């Protein structure tokens with residue numbers, strides 16, 4: 292399930308929650324407008340594949356204040372990545388973003404930022420290549436009539452080679468420099484005890500980098516954790532980005548930074 296907020300065609304705020312049908316083939320939406328919820332069934336993707344989405348799989352962007360472009364990305368059982376999107380919140384379309392050579396994609400996420408006078412959206416998806424999980428990226432720039440997509444880029448596997456998933460990402464501007472930080476966790480073992488390390492892939496204003504997967508410092512023999520959400524405060528008065536995880540005892544941890552390069556763990560409860 293994934294949720295966003297945005298401005299509709301009439302300039303009024305809206306909220307949308309996207310999920311899948313019981314058979315995971317149909318994309319469903321609940322959207323909030325002027326205090327009332329409505330339901331919309333987006334139906335099957337063109338191939339009829341079963342789909343996978345996650346918390347970071349939707350995004351709303353706008354060139355200026357006004358109607359938003361809304362995007363939902365899903366991994367298909369047919370091996371392709373499928374995008375469901377609308378321009379200026381008018382009309383919906385399916386688009387096949389393809390398969391650059393992976394065998395099976397995992398949960399995809401979306402992030403966005405300004406690029407010159409335009410908006411750029413990025414799709415990131417971990418996917419199996421042989422016996423390892425690689426991170427793939429494809430981005431698109433907003434033009435007058437829609438988005439122009441670049442080719443897929445393979446960023447390889449995590450520094451330890453462990454399989455991983457991504458939960459979400461944020462764009463923020465510490466020290467006036469655009470940073471994009473994406474987080475997830477490595478796979479848990481069969482006992483749900485080991486693995487679950489924090490995985491991070493980020494843009495530091497000049498290049499993309501991997502961080503070495505970190506264990507939540509809970510002190511438990513079972514160190515596996517699960518990411519819950521990612522958030523950022525990006526304002527002139529406060530700057531902070533963080534990812535929130537739950538350890539095996541139910542403790543909530545934050546891994547956060549206020550400057551983009553010094554990150555630290557905090558036990559919240």
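Residue numbers (the working numbering): 292 to 560.
Where a beta carbon is used, it is the ideal one built from N, C-alpha and C, also for glycine.
Quick caveat: nothing in here was measured; it's all calculated off a predicted structure.
Between the C-alpha atoms of residue 456 and residue 475 there is a straight-line separation of about 5 Å. Leaving aside the five residues that flank residue 344 on each side, the residues in its chain whose CB is nearer than 6 Å to its CB run, in chain order, 293 and 365.
A contact between stretches requires three or more CB pairs, one per stretch, nearer than 8 Å, and the segment 518-530 meets this requirement with the segment 448-467.
A contact is defined here as three or more CB-CB pairs under 8 Å, and the segment 323-338 fails this definition with respect to the segment 500-514. Residue burial annotation: residue 380 is buried, with at least 16 other C-beta atoms found within 10 angstroms of its C-beta. Nearest to residue 488 by alpha-carbon distance, out of 539, 422, 406 and 360, is 539.
Only residues of its own chain outside the window of five on either side were considered, and among them 294 and 321 have a CB closer than 6 Å to the CB of residue 308, listed in chain order. With respect to residue 389, residue 372 sits close: the two C-beta atoms are nearer than 8 Å.
Taking every protein chain shown into account, the CB of residue 426 has 16 or more other CB atoms within 10 angstroms, so this residue is buried.
Residue ranges of uninterrupted beta strand (DSSP E) with 3 or more members, entirely inside the segment 376-424 and ordered along the chain, are 381-389, 400-406 and 409-420. Under the three-state reduction of DSSP output, residue 304 falls in the strand class. The shortest C-alpha to C-alpha distance from residue 445 to any of 437, 409 and 423 is the one to 423. Here residue 440 is near residue 429, since their CB atoms are less than 8 Å apart. In the three-state DSSP reduction, residue 346 falls in the coil class, being neither helix nor strand. In terms of Cβ geometry, residue 359 and residue 297 form a close pair [threshold 8 Å]. In this structure, residue 367 sits away from residue 401, with a CB-CB distance that is not shorter than 8 Å. Shown here, residue 504 sits in a strand according to DSSP, grouped into three states. For residue 559, no beta strand (DSSP E) encloses it, and the DSSP letter there is neither H nor E. Sequence-distant Cβ neighbours of residue 453 in its own chain, meaning closer than 6 Å and more than five residues away, are 477.
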